[in-house]
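Novice: Just passing along the structure, written as structure tokens.
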Amino acid sequence: MNRKYLTVFLWAIAGIIIDQTSKFIVKSNFELDQSVKLIKNIFHLTYLNNSGAGFGILQQQNTILIFISIAVIGIIFYYLSVIKDNELYAQILCSLILSGTIGNLIDRISYGYVIDFLDFRIWPVFNFADAFVTIGVFGLVIYLWNK
């Protein structure tokens, strides 16, 4: 396996494991809508099932969201085929996008919704997969902008 793809594969697997393990722990130990204060009025763990995408868009559109996820995965693999082997930063950012997309895709296929639980109170509740995608996309935009 090419070093570039091995790097992406290993980082993506690590992200998927973090995402799916955290969701398993929450689903196994929390009741739906249960919230536990970790830092009062700042950070809670709140178990929600999200049948849409970020900020409540595309609610109950699981099939569309699955196809969007598959398209994103395809786009990332295409981008990986055109970046250079020494562009480690881009590879890691692609890994974040892949791990987040695949993590939420696993939920959508398994349950018909995504498990969210990270609750900063001033922001919609989200999960590690969402954070990975967000960091990966913003990081890749900045990377490409400065390239």
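For the record, in the sequence shown the residue sitting at position 11 is 32 according to the working numbering, with numbers rising by one throughout. Cβ coordinates follow ideal geometry from the N, Cα and C atoms, glycine included.
If you count every other CB in all the chains shown that lies within 10 Å of the CB of Asp137, and 16 or more means buried, which is it?
Specialist: Position 116 of the sequence shown, counted from the start, is the residue given in the question as residue 137. Under this definition Asp137 is a buried residue.
Novice: Quick one: measure Cβ to Cβ for Gly157 and Gly133, integer angstroms, because I've assumed they're closer than 8 Å.
Specialist: Taking the sequence shown and counting its residues from 1, one reaches residue 157 at position 136. Taking the sequence shown and counting its residues from 1, one reaches residue 133 at position 112. At roughly 25 Å, the Cβ-Cβ gap does not stay under 8 Å, so Gly157 and Gly133 are not in contact.
Novice: Check for me: the alpha helix (DSSP H) holding Leu165 runs from which residue to which?
Specialist: For the purposes of this step, residue 165 is identified with residue 144 of the sequence shown, where counting begins at 1. Its alpha helix (DSSP H) spans residues Phe149 to Asn167.
Novice: Pull the bridge partners of Ile94 from the DSSP assignment, please.
Specialist: As a first step, residue 94 is located in the sequence shown; it is residue number 73 there, counting from the start. Note: Ile94 sits in no beta bridge, so no partner.
Novice: Tell me the rounded alpha-carbon separation between Lys48 and Tyr68.
Specialist: Position 27 of the sequence shown holds residue 48. Position 47 of the sequence shown holds residue 68. Between Lys48 and Tyr68, the C-alpha separation is close to 7 Å.
Novice: Please say whether Arg142 and Asn23 have beta carbons closer to each other than 8 Å?
Specialist: Here residue 23 is taken as the residue at index 2 of the sequence shown, counted from 1. Here residue 142 is taken as the residue at index 121 of the sequence shown, counted from 1. Not in contact: Asn23 and Arg142 (Cβ atoms no closer than 8 Å).
Novice: CA-CA distance, Gly124 and Ile104?
Specialist: Position 103 of the sequence shown holds residue 124. Position 83 of the sequence shown holds residue 104. Whole-angstrom Cα-Cα distance: 24 Å.
Novice: What are the boundary residues of the alpha helix (DSSP H) that Lys105 is part of?
Specialist: Along the sequence shown, read from residue 1 onward, the residue named residue 105 stands at position 84. Segment: none, Lys105 is in no alpha helix (DSSP H) and carries neither H nor E.
Novice: Using CA coordinates, which residue listed in Gln112, Leu66, Val146 and Thr42 is at the minimum distance from Lys25?
Specialist: Start at 1 with the first residue of the sequence shown, and residue 25 comes out as number 4. It is Gln112.
Novice: Assuming Ile118 and Val93 make a contact with CB atoms under 8 Å, what is their CB distance in whole Å?
Specialist: Along the sequence shown, one-based indexing puts residue 118 at 97. Along the sequence shown, one-based indexing puts residue 93 at 72. Sure, about 7 Å apart at Cβ, within 8 Å.
Novice: Hey, out of Val146, Leu139, Leu79 and Cys115, whose CA is closest to Val95's CA?
Specialist: Along the sequence shown, read from residue 1 onward, the residue named residue 95 stands at position 74. The question names Val, yet the displayed sequence has Gly at residue 95. Considering only alpha carbons, the answer is Cys115.
Novice: In the DSSP assignment, the beta strand (DSSP E) including Lys48 goes from what residue to what residue?
Specialist: By 1-based counting over the sequence shown, the position of residue 48 is 27. Careful: Lys48 lies outside any beta strand (DSSP E), inside the alpha helix (DSSP H) at Arg24 to Asn50.
Novice: Return helix, strand or coil for Tyr68, following the three-state DSSP convention.
Specialist: Taking the first residue of the sequence shown as position 1, residue 68 is located at position 47. Note: Tyr68 maps to strand in three-state DSSP.
Novice: Rounded to whole angstroms, what is the Cα-Cα separation between Leu79 and Ile46?
Specialist: Position 58 of the sequence shown, counted from the first residue, corresponds to residue 79. Position 25 of the sequence shown, counted from the first residue, corresponds to residue 46. Approximately 26 Å, taken between the alpha carbons.
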